[in-house]
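K.L.:
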Amino acid sequence: GVCIGTCERMKAEREAIVDFNERLDHRFERLNSDYPELTLEHIAVKRFARSAPMARLNIPEIVRTERALVKSLEYIEEKIIDLDTNPRYYVPNPVLSEIWLYVWDRTRMIRKDFLLQDYRFESKNSPVCVMIHERIARWHIMSHHEMQGDPEFKMYNKYSFGHTGETLKALWEFYLDDAIKRLKSGATTAVSSLHNRSQCMGYFVLYYMQHEEGAYLTEKLQLLTEYMPELLDP
């Protein structure tokens with residue numbers, strides 16, 4: 115059946131302990147005896163992982179709830195993103211490319227925890243899931259432009275483009291799924307505000323104008339006209 119996450123932490127305790135013991139933890143998440151109030155529960159965010167025969171990911175105890183996923187993203191936004199200009203006392207000498215890689219990895223896993231719980235087109239959808247994807251997409255678009263002057267970022271360009279595109283594509287599918295369900299049910303409240311949907315679909319169109327064949331975008335614009343015409347003239 116579909117996995118329903120029960121983990122209320124940013125990273126399940128058993129995962130955090132294993133990573134700590136095996137030194138797989140990121141240096142942003144290492145404990146410091148000078149600051150005993152900062153435990154793994156406060157600073158460890160689930161890292162990206164792929165499913166494997168000996169490493170199942172769809173285990174409810176390690177898959178985060180919506181509330182835990184919001185908490186994870188808020189921690190990244192409030193404590194990690196600005197580390198280069200506003201360093202925390204427990205993270206010495208962070209650099210911009212290191213911060214970007216950390217955020218890229220952790221936001222990928224946030225999206226994966228939604229997928230593990232079957233949040234996708236013609237299945238589960240929610241305002242919280244959409245809101246998180248919108249915030250991830252905006253950050254990656256903004257950071258991609260900000261990082262262009264950083265020589266270390268050149269090697270990560272393709273990862274940045276890829277994750278941005280995947281996030282925007284997921285948003286497109288959530289918006290379309292919601293529009294079709296509202297059309298069938300007669301509901302009037304959308305999964306996200308008109309402003310947010312219009313903005314993110316603008317990003318979606320611009321992205322795929324640059325990175326996909328015209329046929330793909332033409333198909334999506336036809337669906338947009340049919341199911342979400344309000345986004346064309348908000």
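Each residue of the sequence shown is one higher than the one before, starting from 115 at the first, in the working numbering.
Backbone N, C-alpha and C fix where the C-beta goes; we use that ideal spot for every residue, glycine too.
#1: Reducing DSSP to helix, strand and coil, say where Lys125 ends up.
#2: Given a cut-off of 8 Å, decide if Asp232 and Val116 are closer than it, judged by their beta-carbon atoms.
#3: What are the start and end residues of the alpha helix (DSSP H) that includes Val244?
#4: So what's Lys185 in DSSP terms, helix, strand or just coil?
#5: If you pair each beta-carbon of the stretch 142-162 with each one of the stretch 198-207, do three or more pairs fall below 8 Å?
#6: Using a Cβ-Cβ cutoff of less than 7 Å, which residues in the same chain neighbour Tyr216 once the five nearest sequence positions on both sides are dropped?
#7: Who are the near neighbours of Tyr289 in its chain, counting only those whose CB is closer than 6 Å to its CB and skipping five residues on each side?
#8: Which residues in the same chain as Ala182 place their Cβ atom closer than 7 Å to its Cβ, once the five residues preceding and following it in sequence are excluded?
#9: Which two residues bound the contiguous alpha helix (DSSP H) that contains Gly300?
#10: What number of angstroms, rounded off, separates the C-alpha of Leu171 from the C-alpha of Ala130?
#11: Can you name, in chain order, every residue of its own chain whose Cβ lies under 8 Å from the Cβ of Lys283, other than the five neighbours on each side?
#12: Name, in chain order, the residues that DSSP records as bridge partners for Arg202.
#13: Flag this pair as yes or no: are the beta carbons of Arg222 and Phe162 separated by less than 8 Å?
#14: Using CA atoms only, rank isn't needed, just tell me which of His309, Glu280, Glu155 and Thr339 is closest to His58.
#15: What distance in whole Å lies between the Cβ atoms of Ser306 and Met245, which are believed to be in contact at a cut-off of 8 Å?
#16: Sort Trp286, Lys298 and Ile173 by Cα distance to Leu338 and report the nearest one.
#17: Report the CB separation of Leu297 from Tyr341 in whole angstroms; it is logged as a contact under 8 Å.
#18: According to the Cβ coordinates, are Met315 and Leu345 closer than 8 Å?
#19: Leaving aside the five residues before and after Gln336 along the sequence, list all residues of the same chain whose C-beta is less than 7 Å from its C-beta, in chain order.
#20: Rounded to the nearest angstrom, what separates Ala304 and Lys295 at their Cα positions?
#21: What does the alpha-carbon distance come out to for the pair Ser165 and Asp347?
P.N.:
Short version:
#1: DSSP places Lys125 in coil when its eight states are reduced to three.
#2: Val116 places its beta carbon less than 8 Å from that of Asp232.
#3: Pro241 to Glu260
#4: helix
#5: yes
#6: His140, Phe142 and Ile194
#7: Arg311
#8: Cys121, Glu122, Arg123 and Met124
#9: Run containing Gly300: none; DSSP gives neither H nor E here.
#10: Taking the straight line joining both Cα atoms gives about 14 Å.
#11: Phe318
#12: For Arg202, which the question treats as bridged, DSSP gives no partner whatsoever.
#13: yes
#14: The structure shown does not extend to residue 58, since the chain spans only 115 to 348, so no value can be given for it.
#15: Contact holds; Cβ gap of about 7 Å.
#16: Trp286
#17: 7 Å
#18: yes
#19: The beta carbon of Gln336 lies closer than 7 Å to none in the same chain, with the five residues before and after it left out.
#20: 10 Å
#21: If I take the Cα positions, the gap works out to 42 Å.
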